[in-house]
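Participant: The structure under discussion is supplied below as structure tokens; questions concerning it will follow.
Numbering (mature numbering (1 follows the signal peptide of the UniProt record, and there is no 0)), first residue to last: -28 to -1, 1 to 308.
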């Protein structure tokens, strides 16, 4: 609105006559009210997500804790390994097929580090797809030259030999006597190495499923992992851990995967299989005493797993400790 100014007398007279003449006709329309200034409401800030451990989805004390490097430790899974040590502290365990129809474990540690873990065994090319989403640090007793080269090209850091927390326990027979001090291994890592870039699994609310009391997961004629739901966890009926070191997962995730020939043999002359942990396949989620069928997919070695139910909707894994079974062709899962 323009500031007020005094009107000259002549102009005032003319204005008065004009107004009087206008009284004989229509009433003049009122001047429009000035429009209100636009609203400048402050946008609501997006809340910062609470820190969570990438390997379990459970609350972490702080974002700094959630960025603790993770160690993916290869552990023998035969009677010769008894007793396995450290598994009770693991956040997540992956069971994979190796030569001779046997299996080996990749135990992932982040939120808790045990004083010792092992016995530590050699790596496989499969381990790139397991380790990279967790930050890419593998701990192993060694590996074939072609495997170590492939892991290096994939961006995986492999800790082997002395000086990385690995040493031999001479009370055990070789080659089942390489043990790990996780604290020493962590101290050997350069800054920024081994930090996960996001959740390892699609954490979320538990889905509705078919009630089950157990499941038998067959890898080969030589290995079946039998699980029983008991007191809120899945119990492995036949394992090799010390009684106080048993891993009791809240969820068992069974993935049907493809195999290919790794292109070399073990010292006994057995061909070494390679699990293909990229692509997609069938999945069964065992959680809270129920089973849900669906599918899994993984876009690359470094990508996280995604899950979908039978209708194609996202399938979530309840936060907690998880055991993942990588089941080859010819294997399967039987619910009971």
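No residue lacks a Cβ here, since even glycine has one placed at the ideal position from N, Cα and C.
These numbers come from a predicted model, not from an experiment.
Is it the case that the CB of residue 213 approaches a heavy atom of the ligand MG more closely than 7 Å?
Facilitator: Absent from the structure shown: the ligand MG. Ligands present: none.
Participant: Residue 147 to residue 93, Cα distance in whole Å?
Facilitator: Taking the chain shown and counting its residues from 1, the one referred to as residue 147 is at position 175. Taking the chain shown and counting its residues from 1, the one referred to as residue 93 is at position 121. Near 8 Å, if we compare the C-alpha coordinates of residue 93 and residue 147.
Participant: For residue 277, which of 262, 167, 187, 298 has the nearest alpha-carbon?
Facilitator: Here residue 277 corresponds to residue number 305 of the chain shown, with the count starting at 1. For residue 277, the nearest C-alpha among the options comes from 298.
Participant: Classify residue 228 as buried or exposed, calling it buried when 16 or more other Cβ atoms lie within 10 Å of its own Cβ.
Facilitator: Position 256 of the chain shown holds residue 228. With 16 or more other Cβ atoms within 10 Å, it is buried.
Participant: Do residue 219 and residue 59 have their CB atoms nearer than 8 Å?
Facilitator: Numbered from its first residue, the chain shown carries residue 219 at position 247. Numbered from its first residue, the chain shown carries residue 59 at position 87. Closer than 8 Å, so yes.
Participant: By Cβ distance, which residues of its chain are closer than 6 Å to residue 295, with the 5 residues on each side in sequence left out?
Facilitator: Your numbering for residue 295 matches position 323 in the chain shown. Closer than 6 Å at Cβ, skipping near neighbours: 65, 221, 224.
Participant: Can you tell me whether residue 258 is helix, strand or coil according to DSSP?
Facilitator: Here residue 258 is taken as the residue at index 286 of the chain shown, counted from 1. Strand.
Participant: Could you pull the start and end residues of the beta strand (DSSP E) that residue 299 belongs to?
Facilitator: Here residue 299 is taken as the residue at index 327 of the chain shown, counted from 1. First-last of the beta strand (DSSP E) with residue 299: 294 to 299.
Participant: Which residues bound the beta strand (DSSP E) around residue 123?
Facilitator: Taking the chain shown and counting its residues from 1, the one referred to as residue 123 is at position 151. Premise fails: residue 123 lies in the alpha helix (DSSP H), 117 to 126, not in any beta strand (DSSP E).
Participant: Take residue 80 as the anchor and find which of 53, 43, 105 has the nearest alpha-carbon.
Facilitator: One-based indexing of the chain shown puts residue 80 at position 108. Checked all of 53, 43, 105; the closest Cα to residue 80 is 43.
Participant: Hey, how far is the Cα of residue 310 from the Cα of residue 105?
Facilitator: Lying outside -28 to 308, the shown extent of the chain, residue 310 is not represented and no answer is given.
Participant: Give the range of the alpha helix (DSSP H) segment to which residue 101 is assigned.
Facilitator: Stepping through the chain shown from its first residue, residue 101 is reached at position 129. Looking at the DSSP string, the run of the alpha helix (DSSP H) that includes residue 101 is 99 to 103.
Participant: Do the region 259 to 276 and the region 158 to 175 touch if we need at least three Cβ pairs shorter than 8 Å?
Facilitator: Verdict: yes, contact present.
Participant: I need the DSSP call for residue 243, collapsed to helix, strand or coil.
Facilitator: The sequence position of residue 243 within the chain shown is 271, counting from 1. Of the three classes helix, strand and coil, the one that applies to residue 243 here is strand, per DSSP.
Participant: Less than 8 Å between the C-beta atoms of residue 256 and residue 207, yes or no?
Facilitator: Stepping through the chain shown from its first residue, residue 256 is reached at position 284. Stepping through the chain shown from its first residue, residue 207 is reached at position 235. Not closer than 8 Å, so no.
Participant: Starting from residue 158, follow the alpha helix (DSSP H) in both directions and report where the run begins and ends.
Facilitator: Mapped onto the chain shown, residue 158 falls at position 186. Unbroken alpha helix (DSSP H) run through residue 158: 154 to 159.
Participant: How many Å lie between residue 61 and residue 209 at the Cα?
Facilitator: To locate residue 61, count along the chain shown from 1; it is residue 89. To locate residue 209, count along the chain shown from 1; it is residue 237. Their Cα atoms are separated by approximately 19 Å.
Participant: By the three-class DSSP mapping on this structure, what secondary structure does residue 67 have?
Facilitator: Position 95 of the chain shown, counted from the start, is the residue given in the question as residue 67. Three-state result, residue 67: strand.
Participant: Pull up the distance between the alpha-carbon of residue 237 and that of residue 71, whole angstroms please.
Facilitator: Indexing the chain shown from 1 puts residue 237 at position 265. Indexing the chain shown from 1 puts residue 71 at position 99. Residue 237 and residue 71: Cα-Cα distance of roughly 8 Å.
Participant: Locate the alpha helix (DSSP H) running through residue 38, then write down its first and last residues.
Facilitator: Taking the chain shown and counting its residues from 1, the one referred to as residue 38 is at position 66. Unbroken alpha helix (DSSP H) run through residue 38: 35 to 38.
Participant: Under 8 Å between the Cβ atoms of residue 267 and residue 283?
Facilitator: Taking the first residue of the chain shown as position 1, residue 267 is located at position 295. Taking the first residue of the chain shown as position 1, residue 283 is located at position 311. In this structure, residue 283 does not lie closer than 8 Å to residue 267 by Cβ.
Participant: Enumerate in chain order the residues of its own chain whose CB-to-CB distance from residue -9 is below 6 Å, with the five nearest sequence positions on each side excluded.
Facilitator: In the chain shown, the residue the question calls residue -9 occupies position 20. With a pLDDT of only 34 at residue -9, under 50, the local geometry of the prediction cannot be trusted, and the value read off the model is given with reservation. Same-chain partners within the cutoff: there are none.
Participant: Leaving out the 5 sequence neighbours to the left and right, which residues in its chain are closer than 7 Å to residue 243 when beta-carbon positions are compared?
Facilitator: Translated into the one-based positions of the chain shown, residue 243 becomes position 271. Cβ neighbours of residue 243 beyond the five flanking positions: 71, 233, 237.
Participant: Could I get the ranges of all uninterrupted alpha helix (DSSP H) runs contained in the region 125 to 204, with 4 residues as the minimum, in chain order?
Facilitator: The region 125 to 204 contains these whole alpha helix (DSSP H) runs: 154 to 159.
Participant: Going by C-alpha distance, which of 230, 280, 258, 265 is nearest residue 251?
Facilitator: Along the chain shown, one-based indexing puts residue 251 at 279. Ranking 230, 280, 258, 265 by Cα distance to residue 251 puts 230 first.
Participant: Three-state secondary structure (DSSP) at residue 55?
Facilitator: Position 83 of the chain shown holds residue 55. Coil, per DSSP.
Participant: Is it buried or exposed for residue 84, if we count other Cβ within 10 angstroms and need 16 for buried?
Facilitator: In the chain shown, residue 84 corresponds to position 112, counting from 1. Residue 84 should be labelled exposed.
Participant: From 263, 286, 151, pick the residue whose C-alpha is nearest to that of residue 200; which is it?
Facilitator: For this step, residue 200 is matched to residue 228 along the chain shown. Of the candidates 263, 286, 151, the one whose C-alpha sits nearest the C-alpha of residue 200 is 263.
Participant: Would residue 57 pass as a contact of residue 88 if the rule is Cβ separation under 8 Å?
Facilitator: Counting from 1 along the chain shown, the entry for residue 57 is found at position 85. Counting from 1 along the chain shown, the entry for residue 88 is found at position 116. Yes.
Participant: Assuming residue 99 and residue 82 form a contact by the criterion Cβ under 8 Å, report the distance between their Cβ atoms to the nearest whole angstrom.
Facilitator: Here residue 99 refers to the residue found at position 127 of the chain shown. Here residue 82 refers to the residue found at position 110 of the chain shown. Residue 99 to residue 82, Cβ: 17 Å. No contact.
Participant: Rank 16, 203, 38 by C-alpha distance to the C-alpha of residue 22 and give the top, closest one.
Facilitator: In the chain shown, counting from the first residue as 1, residue 22 sits at position 50. Of 16, 203, 38, the residue nearest in Cα terms is 38.
Participant: Could you check what DSSP says for residue 108 in three-state terms: helix, strand or coil?
Facilitator: The sequence position of residue 108 within the chain shown is 136, counting from 1. In the structure shown, residue 108 sits in coil (DSSP, three-state: anything other than H, G, I, E or B).
Participant: Indicate the three-state DSSP secondary structure (helix, strand or coil) for residue 209 in the structure shown.
Facilitator: In the chain shown, the residue the question calls residue 209 occupies position 237. Correct three-state label for residue 209: coil.
Participant: Are the beta-carbon atoms of residue 259 and residue 178 separated by less than 8 Å?
Facilitator: In the chain shown, counting from the first residue as 1, residue 259 sits at position 287. In the chain shown, counting from the first residue as 1, residue 178 sits at position 206. Against a cut-off of 8 Å, the Cβ pair of residue 178 and residue 259 comes out as a contact.
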